[in-house]
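One structure is given below, encoded as structure tokens.
Protein chains: 2
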Amino acid sequence: MSATIRDVAERAGVGLATVSRVVNNSPLVSPATRQRVLNVIAELRYTPHQAARSLSLGKTLTVTTIAPFFTRPSVVERLRGVEANLADSGYQLIVCNVETVERRDICLRDLPRKERSDGVLIISLAPHPEEVTALQQPGVAVVLIDTYVAGMTCVFIDDQQGGYIATRHLLDLGHERIAYISDPLTDPFNFTSSRDRYAGYRQALTDAGMPFCESYHRSGMHGRYEARRLATELLSLDRAPTAIFAASDTQALGVLEAAHDIHLRVPDDLSVIGYDDIEIAEYLGLTTIRQPLFETGARGVELLLERLGNLDTDPVSERMPVELVIRRTTAAPRKLSSDAERR
Amino acid sequence: MSATIRDVAERAGVGLATVSRVVNNSPLVSPATRQRVLNVIAELRYTPHQAARSLSLGKTLTVTTIAPFFTRPSVVERLRGVEANLADSGYQLIVCNVETVERRDICLRDLPRKERSDGVLIISLAPHPEEVTALQQPGVAVVLIDTYVAGMTCVFIDDQQGGYIATRHLLDLGHERIAYISDPLTDPFNFTSSRDRYAGYRQALTDAGMPFCESYHRSGMHGRYEARRLATELLSLDRAPTAIFAASDTQALGVLEAAHDIHLRVPDDLSVIGYDDIEIAEYLGLTTIRQPLFETGARGVELLLERLGNLDTDPVSERMPVELVIRRTTAAPRKLSSDAERR
DNA sequence: CCGTTTAGTGGAAGCGTTTCCAGTATACCA
DNA sequence: TGGTATACTGGAAACGCTTCCACTAAACGG
């Protein structure tokens with residue numbers, strides 16, 4: 053159907069090897085021959101057959117990215133970073149979306165195999181110990197994004213630090229009743245960010261000599277609606293929090309809605325801080341913790357490409373910084389009401 | 053390095069062909085042999101080599117999706133539809149992001165080739181006539197999403213209708229000065245949606261006997277910031293519009309910002325309607341035109357898989373419906389002020 | 001009981017590349 | 001002038017799989 057290297061060779065009156073050399077820019081071809089071959093290639097619209105190429109080469113020329121819920125703004129942004137750096141590398145990007153635990157397990161087991169892909173990028177999914185062992189088998193290069201596992205190459209965020217900074221910000225403003233809304237701290241996907249941010253939250257509280265109140269921590273399925281529900285619960289508490297730290301901007305939106313529902317004004321009656329700094333955060337004036345989403349993806353690919361060149365590289369891990377972005381949803385608590393309530 | 057079919061065959065004491073048959077669920081294997089082979093496969097952690105498989109099969113087992121600006125909410129949602137329906141099909145999804153015209157041209161020329169992919173999904177990019185010819189060459193199955201081209205298989209949206217409905221809604225509310233903000237009507241990517249929606253806008257105006265005012269149409273680069281700038285221009289006109297139809301929700305956000313900048317209240321002083329019904333639209337109470345984003349992606353894959361089975365299928369095109377979603381950013385214009393200004 | 005079908009099996013060709021190896025000119029050096 | 005390095009070139013093996021074809025042994029019908 054389409055032209056093969058043999059067709060080109062015959063038509064140009066040269067050997068197969070020569071055509072291959074031309075295609076691969078080998079210097080061992082005389083200019084005259086090269087030109088003749090190039091003409092025939094153009095004439096026949098010849099394109100090398102990927103599968104044949106990779107079979108012969110022993111490489112798939114392919115990089116697989118495993119991403120959970122790849123429509124979430126934060127994931128999309130990381131993916132963009134991945135794509136941007138992979139586009140000109142000659143590798144194709146295979147994207148695998150994970151929305152169920154079964155698929156998570158299948159993907160982590162079957163995809164990182166030499167027969168399928170030269171390299172694998174795993175976003176936000178922390179492999180279990182036995183999976184780590186499998187991932188370390190030589191043959192496939194693996195880079196973890198947004199996750200830290202000792203002994204593997206990772207690009208990650210210091211989420212504990214992020215949680216700390218967010219809470220610290222609220223403490224600095226004078227808040228004493230600070231709640232935290234997040235995904236479940238342990239979940240079957242093995243996401244670590246809610247857990248790490250929680251640890252930072254607790255640490256900041258402790259460092260400030262502030263007691264931790266169990267009922268100020270609520271967790272539930274990721275998403276705006278669930279966060280709205282949790283925030284509503286929180287806000288109807290006897291001693292309702294004056295500030296809520298949401299583990300993601302999306303969840304912060306839910307908190308904002310809940311506040312709106314009961315006619316609480318933000319930041320006057322309630323301070324809200326999110327996490328991620330997704331695009332809409334700026335629009336809404338949401339105070340948040342910015343993490344370098346695009347950059348983690350981009351850097352992850354860089355590390356992967358390096359490892360692809362040399363598989364024996366020692367694993368490296370890079371921590372990316374987070375940053376507090378103060379906008380319009382956090383402010384000092386109203387002394388009056390909180391004092392009144394307290395006495 | 054990793055086990056091949058030969059290793060399995062030797063270890064199980066059977067022929068290559070038998071192993072292949074087991075792997076591919078051929079009925080021509082006795083239960084006993086099958087079990088023996090399966091045991092060895094498990095033991096050796098054997099996985100068929102993709103490239104070898106596809107070379108032998110003459111198929112790449114791969115589907116490529118070409119998407120412009122794949123982080124835009126509307127595109128992400130379509131991609132999710134694509135992924136959802138492709139996940140269990142046995143085909144791998146290769147994603148190609150297009151953010152420059154050069155890459156658009158390269159992708160449209162090089163990717164839809166039998167040697168690279170069994171099928172190609174093209175999102176929102178209308179091929180030029182000469183590209184259409186190339187895309188119709190047998191060998192690759194191509195499905196266009198969000199674009200209509202005669203003679204090709206497409207899943208598209210009636211954007212003209214959408215533009216009409218949006219404008220009609222504003223007219224019905226009593227607006228007489230309705231502006232339209234969009235991407236440039238003709239652009240090098242050959243996006244058609246802004247153009248079609250514009251046509252609907254004009255048509256609705258005409259049908260209502262309303263004159264079209266050139267200065268009420270502004271176009272610029274896609275995005276919130278540009279839309280905000282254009283809206284600001286519009287709102288500082290002598291006879292400023294009382295309603296603005298934005299060609300996307302993202303742009304509608306920019307309009308909302310512009311209104312906020314000059315302390316115009318929405319919908320009291322200004323009605324705003326968007327397009328797409330992206331997730332944030334509901335949160336913001338944005339009136340908009342909903343288009344079935346996920347569904348176009350999902351349906352596109354279905355059609356592609358059908359064509360993959362039988363390449364000689366006649367091209368079909370399916371139009372998906374749009375729907376007006378009325379929320380809180382549109383209302384009747386304030387008679388008082390508009391009358392006052394007019395006289 | 002003997003042909004004939006049928007289930008199960010293995011060998012080998014072929015998919016389209018890359019690349020090692022061997023070969024043939026031509027150029028260069030002594 | 002002969003020998004050797006040099007610049008190209010082509011043949012063929014190999015990559016790991018699928019599948020056609022040939023084959024054997026058992027089952028079946030007359």
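If you read the protein sequences in the order shown, they are chains P and Y.
With our numbering applied, the first sequence covers 53 to 395.
With our numbering applied, the second sequence covers 53 to 395.
Just so you know, even glycine gets a beta-carbon here, dropped at the ideal spot from N, CA and C.
Given the structure is predicted, the values throughout are model-derived calculations rather than measurements.
Nearest-angstrom Cα distance between alanine 231 of chain P and arginine 317 of chain P?
The alpha-carbon atoms of alanine 231 of chain P and arginine 317 of chain P are separated by roughly 17 Å.
Residues of the stretch 140-151 of chain P whose Cβ lies closer than 7 Å to any Cβ of chain Y, in chain order:
Residues of the stretch 140-151 of chain P with a C-beta atom less than 7 Å from some C-beta of chain Y are Gln144, Leu145, Ile146, Val147 and Asn149, listed in chain order.
How many whole angstroms separate the CB atoms of glutamate 309 of chain Y and arginine 351 of chain Y, which I take to be in contact at a CB cut-off of 8 Å?
Contact flag wrong, Cβ pair sits at about 34 Å.
Any chance you could list the beta strand (DSSP E) runs of at least 3 consecutive residues sitting entirely within the stretch 70-142 of chain P, in chain order?
Runs of beta strand (DSSP E) with 3 or more residues, each lying fully within the stretch 70-142 of chain P, are found at 114-120, listed in chain order.
Please name the residue, chosen from P:Tyr200, P:Leu257, P:Cys206 and P:Glu331, that lies closest to glycine 226 of chain P on a Cα-to-Cα basis.
Checked all of P:Tyr200, P:Leu257, P:Cys206 and P:Glu331; the closest Cα to glycine 226 of chain P is P:Leu257.
For the structure I just gave you, are there three or more beta carbon pairs, one from the stretch 81-88 of chain Y and one from the stretch 88-99 of chain P, closer than 8 Å?
Too few Cβ pairs lie closer than 8 Å, so no.
Starting from arginine 247 of chain Y and walking both ways along the beta strand (DSSP E), at which residues does that stretch end?
Taken as a continuous stretch (DSSP letters only), arginine 247 of chain Y belongs to no beta strand (DSSP E), being part of the alpha helix (DSSP H) at 245-259.
Please specify which runs of the alpha helix (DSSP H), each continuous and at least 4 residues long, are wholly inside the stretch 185-211 of chain P, giving them in chain order.
You should have found no qualifying run.
Using 8 Å for Cβ pairs, my map puts leucine 360 of chain P next to glycine 171 of chain P. What's the rounded Cβ distance?
Glycine 171 of chain P and leucine 360 of chain P do touch by the CB rule: their CB atoms are close to 5 Å apart, below 8 Å.
With a threshold of 8 Å on Cβ separation, who are the neighbours of alanine 383 of chain Y within its own chain once the five nearest residues in sequence on each side are excluded?
Once the five neighbours on either side are set aside, the close Cβ partners of alanine 383 of chain Y are Leu225, Pro319, Asp320 and Ser323.
Is leucine 356 of chain Y near leucine 173 of chain Y, with beta carbons less than 8 Å apart?
Taking 8 Å as the Cβ cut-off, leucine 356 of chain Y and leucine 173 of chain Y qualify as a contacting pair.
Boundaries of the beta strand (DSSP E) in which histidine 269 of chain P is found, first to last residue
Segment 269-271, the beta strand (DSSP E) holding histidine 269 of chain P.
Any C-beta of chain Y under 8 Å from that of leucine 316 of chain P:
Not an interface residue.
Measuring alpha carbon to alpha carbon, tell me which residue in Y:His315, Y:Ala119 and Y:Tyr98 is nearest phenylalanine 243 of chain Y.
Of the listed residues, the one whose Cα sits closest to phenylalanine 243 of chain Y is Y:Ala119.
Buried or exposed, going by whether 16 or more other CB atoms sit within 10 Å of the CB of isoleucine 314 of chain Y?
Under this definition isoleucine 314 of chain Y is an exposed residue.
Are isoleucine 378 of chain Y and threonine 339 of chain Y close, meaning C-beta to C-beta below 8 Å?
Yes, they are a contact pair.
Go through its chain and collect everything with a Cβ distance to arginine 254 of chain P's Cβ below 7 Å, but skip five positions before and after it.
Closer than 7 Å at the Cβ level, and outside the excluded window around arginine 254 of chain P, lie Phe264.
Which chain P residues are close to glutamine 188 of chain Y, counting only those with a beta carbon under 8 Å from its beta carbon?
Within 8 Å Cβ-Cβ: nothing; glutamine 188 of chain Y doesn't reach chain P, min ~14 Å.
Own chain residues within Cβ distance below 6 Å of threonine 205 of chain P, not counting five before or after
Excluding sequence neighbours, threonine 205 of chain P sits near Val195, Leu355, Pro367 and Val368.
Using a beta-carbon distance below 8 Å, is tyrosine 277 of chain P in contact with chain Y?
So, not an interface residue.
Give me the Cα-Cα distance between alanine 55 of chain Y and glutamine 213 of chain Y, rounded to the nearest whole angstrom.
Whole-angstrom Cα-Cα distance: 57 Å.
Thinking just about the alpha-carbon of each residue, which of Y:Leu287, Y:Val60, Y:Leu345 and Y:Tyr143 is nearest to the one in serine 267 of chain Y?
The residue with the shortest Cα to Cα distance from serine 267 of chain Y is Y:Leu287.
If you follow the beta strand (DSSP E) that glycine 171 of chain P is part of, which residue opens it and which one closes it?
Glycine 171 of chain P: member of the beta strand (DSSP E) spanning 171-175, first to last residue.
Let me know the secondary structure DSSP gives aspartate 391 of chain P once reduced to three states.
Confidence is the limiting factor: at aspartate 391 of chain P the pLDDT is only 46, short of 50, which leaves the residue's position unreliable, though a coordinate-based value still follows. In this structure, aspartate 391 of chain P counts as helix in the three-state DSSP scheme.
Contact under 8 Å by Cβ, tyrosine 335 of chain P with aspartate 301 of chain P
Pairing tyrosine 335 of chain P with aspartate 301 of chain P gives a Cβ-Cβ distance that is not under 8 Å.
DSSP state of glutamate 182 of chain P mapped onto helix, strand, coil:
Three-state DSSP puts glutamate 182 of chain P in a helix.
Chain Y within 8 Å of glutamine 102 of chain P, Cβ atoms only
It does: the Cβ of glutamine 102 of chain P has a partner Cβ on chain Y nearer than 8 Å.
Counted within 10 angstroms of its Cβ, other Cβ atoms place proline 240 of chain Y as buried (16 or more) or exposed
Per the 10 Å Cβ criterion, exposed.
Nearest neighbour of cysteine 159 of chain Y, chosen from P:Glu278, P:Ser169 and P:Ala139 [CA to CA]:
In terms of CA proximity to cysteine 159 of chain Y, P:Ala139 leads the group P:Glu278, P:Ser169 and P:Ala139.
Quick check on tyrosine 143 of chain Y: buried or exposed, where buried means 16 or more other Cβ atoms within 10 Å of its Cβ?
With 16 or more other Cβ atoms within 10 Å, it is buried.
Contacting residues, own chain, Cβ-Cβ under 8 Å from arginine 63 of chain P (five flanking each side not counted)
Cβ within range, chain order: Val92, Glu95 and Leu96.
Once the 5 residues before and after arginine 58 of chain P are set aside, which same chain residues still bring their CB inside 7 Å of it?
Taken in chain order, the residues that qualify are Leu68.
Chain-ordered neighbours of serine 126 of chain Y on chain P, where CB pairs are closer than 9 Å:
Chain P residues near serine 126 of chain Y: none, gap ~11 Å exceeds 9 Å.
Which of the three DSSP states is assigned to valine 66 of chain P in this structure?
Correct three-state label for valine 66 of chain P: coil.
Helix, strand or coil: which one does DSSP assign to alanine 350 of chain Y?
If DSSP states are grouped into helix, strand and coil, alanine 350 of chain Y belongs with the helices.
Whole-angstrom distance between glutamate 228 of chain P and aspartate 391 of chain P, CA atom to CA atom:
Confidence is the limiting factor: at aspartate 391 of chain P the pLDDT is only 46, short of 50, which leaves the residue's position unreliable, though a coordinate-based value still follows. Between the alpha carbons of aspartate 391 of chain P and glutamate 228 of chain P lies a distance of about 11 Å.
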